[in-house]
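Colleague: What follows is a single structure, and I will ask about it in a moment.
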Amino acid sequence: MTLTKNNEVILAKQFRPGPNEIILELPGGGTEKGETPEQAIERELLEETGYRGKVKLVTESLDCAYSTMRRKCFVATDCEKISEPQNTSSEICETVLLSLDKFRELLRSGKITDVEVGYLGLDYLGLL
């Protein structure tokens, strides 16, 4: 979960081939060779949104009960825009800023991905 200095939630709006639609999601992604998880989330945040902030690990857990993949959940606070999103042929990103109230509304509606990460971030930051 990522917040600007004005407590706006930063989301990436991008096409995903699985559901075959444009969706809103929290910035994130995988670790590249030689990267720490913290470096990976900083890179993904910058690539997907153009923002940089203070990154902290919230928790690590299994991604789902059917996989051995582990998910590390981070929050990034005091984020500032320093560039435009770095679109690739497979990821066309648009940055979306939401108020905390609108973000909570979208979490409840299921209209964004990674709902559990959103709630973990809100809880960690004392914003539930």
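Residues 321 to 448 in the working numbering are what the sequence shown lists, from first letter to last.
Glycine is no exception: its CB is placed at the ideal position from the N, C-alpha and C atoms.
(1) What alpha helix (DSSP H) runs, 4 residues minimum, are completely inside the region 324-400?
(2) For residue 382, does the count of other Cβ atoms within 10 angstroms reach 16, so buried, or fall short, so exposed?
(3) Could you give the DSSP three-state label for residue 418: helix, strand or coil?
(4) Less than 6 Å between C-beta atoms, sequence neighbours within five positions excluded: which residues of the same chain meet that for residue 397?
(5) Counting C-beta neighbours from all protein chains within 10 Å, is the total for residue 405 16 or more, i.e. buried, or is it exposed?
Modeller: Looking at the coordinates:
(1) 357-369
(2) Mapped onto the sequence shown, residue 382 falls at position 62. With fewer than 16 Cβ atoms within 10 Å of its Cβ, residue 382 is classed as exposed.
(3) Locating residue 418 in the sequence shown gives position 98, counting from the first residue. DSSP places residue 418 in strand when its eight states are reduced to three.
(4) Translated into the one-based positions of the sequence shown, residue 397 becomes position 77. Excluding residues within five positions, the ones whose Cβ falls inside 6 Å are 323, 373 and 374.
(5) If you number the sequence shown from 1, residue 405 lands on position 85. Buried, by the Cβ-count rule.
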